[in-house]
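Input: a single structure, listed below in structure tokens.
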Amino acid sequence: MSYNLGSFKLDVISDGTFYLDGGAMFGVVPRVVWEKVMPPDDRHRIRLGLNTLLVRTPHETILIDTGIGTKWNAKQVDMYGIRHETTVPQSLAAIGLEVSDITLVINTHLHFDHAGGNTIRREDGSLTATFPQARYLVQQAEYEHACSPHERDRASYMAENWEPLLESGQLEFTQGTEEVSPGVTVIPIRGHNDFTQCVSIRSDGQTAFFWADVIPTTNHLPFAWVMGYDLYPVELVENKKQWIPRAAQENWVNIFEHDADCPMTLLIAENGKYKPAKLNLPEALSHGNS
């Protein structure tokens, strides 16, 4: 899926799909409710997308998040149901790009399903950056937490996804809200964890917004539908109440990282609730995109 946002071009770049426990993905929402919108498999897991976003601007070629990557053993592949129907490098190649074309990688945070594609394993077992010409950006406080995580989220962090970038000098840090490239701004929103940075993309009066795990799928648009993985669920609910109405009112293009069926859409308000627009994205925005 692609969209021309002013002078920028956006492409959803897939790393395939994976499966996580449905109860964990919906927290206190009862299974009899969430299974109507995301039916689980026989292991109680639901299918999730691994959607990254390519942003091509007049200044840079940017990738937001890098997927789950390929550094997994057979046991882990089975546990997480990793299905590489495609990978980020393969998805880039399908639109005529190579990994060396990426000049900036923005990590929303360093959980393995968002930063796993930061690095690759060579045949000799050593690790190197997947994107050799890119700077990688993450919130400094997120990096510091990832290096010394709490028991609550330790399993989400794997140092192999960032240590090689430190060694190569490619890892750089953001501090709060920052414009990291003209028209591209990272905005920390607390809730999923302390330091996840969402990404706002603006060009010629249009806005796109990459929600990361603040709103992982369109089925998490109801304010109270938050994940069991979220460290600060009450604060996240309050932040969703602020941000989602704005996204709908201002006609933002919304990118949902873990939605396997609807990765990019507008939002509409209907009977006090927010939903994906029924019109497809190009028709809804009437800019002739495809």
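In this note's numbering, the protein residues as written are 3 to 292.
Glycine included, C-beta positions come from ideal geometry on N, C-alpha and C.
Because the structure is a prediction, the values reported are computed rather than measured.
How far does the alpha helix (DSSP H) with residue 80 in it reach, from first residue to last? Run containing residue 80: 76-81, per the alpha helix (DSSP H) assignment.
In angstroms with no decimal places, state the Cα-to-Cα distance between residue 77 and residue 248. 42 angstroms
Can you name the residues that DSSP bridges to residue 277? 270
Please tell me whether residue 176 has its Cβ less than 7 angstroms away from any Cβ of chain B. Judged by its chain identifiers, the structure shown contains no chain B, having just a single protein chain.
When the Cβ atoms of the segment 180-194 are set against those of the segment 54-73, are three or more pairs found closer than 8 angstroms? Because the criterion of three Cβ pairs below 8 angstroms is met, the segment 180-194 and the segment 54-73 touch.
Meets three-Cβ-pair contact criterion under 8 angstroms: the segment 78-89 and the segment 232-243: no
Those runs of the alpha helix (DSSP H) which lie wholly inside the segment 102-147 and span at least 4 residues: 114-117
Who are the Cβ neighbours of residue 216 in its own chain at under 8 angstroms, not counting the five residues just before and after it? 191, 193, 194, 198, 200, 238, 241, 242, 245
Comparing C-alpha positions only, which one of 253, 104, 154, 265 sits nearest to residue 59? 104
Along the alpha helix (DSSP H) that carries residue 94, what are the first and last residues, could you check? 90-96
Identify which residue in 223, 171, 138 has its Cα closest to the Cα of residue 274. Closest by alpha carbon: 223.
Along the chain, where does the beta strand (DSSP E) containing residue 257 start, and where does it finish? 255-257
Exposed or buried, residue 289, counting other C-beta atoms within 10 Å across all chains shown (16 or more means buried)? Residue confidence for residue 289 is low, a pLDDT of 40 falling below 50, so the modelled location carries little weight and cannot support an answer.
Are residue 2 and residue 162 closer than 7 angstroms when you measure CB to CB? Only positions 3 to 292 of the chain appear in the structure, and residue 2 is not among them; the question remains open.
Got a sec? Which residues, its chain only, sit under 8 angstroms from residue 135 by beta carbon, not counting five neighbours each side? Excluding residues within five positions, the ones whose Cβ falls inside 8 angstroms are 102, 103, 104, 105.
Relative to the C-alpha of residue 211, which residue among 180, 142, 253 is closest? 253
Close Cβ partners of residue 49 (< 7 angstroms) along its chain, the five nearest in sequence each way excluded: 19, 21, 262
By the DSSP assignment, the beta strand (DSSP E) with residue 12 in it spans what residues? 10-23
Contact defined as beta carbons within less than 8 angstroms: I believe residue 205 pairs with residue 8. What is the distance between those atoms, to the nearest angstrom? 3 angstroms
Run through DSSP, which three-state label would residue 210 get? Residue 210 falls in the strand class under three-state DSSP.
Under three-state DSSP, which class holds residue 84? coil
Completely contained beta strand (DSSP E) runs for the segment 28-66, where each covers 3 or more residues: 47-58, 63-66
Spatial neighbours of residue 28 in its chain, beta-carbon cut-off 6 angstroms, leaving aside the 5 residues before and after: 36
What residue range is occupied by the uninterrupted alpha helix (DSSP H) comprising residue 170? 165-170
Just to confirm, are residue 220 and residue 278 a CB contact at a threshold of 7 angstroms? yes
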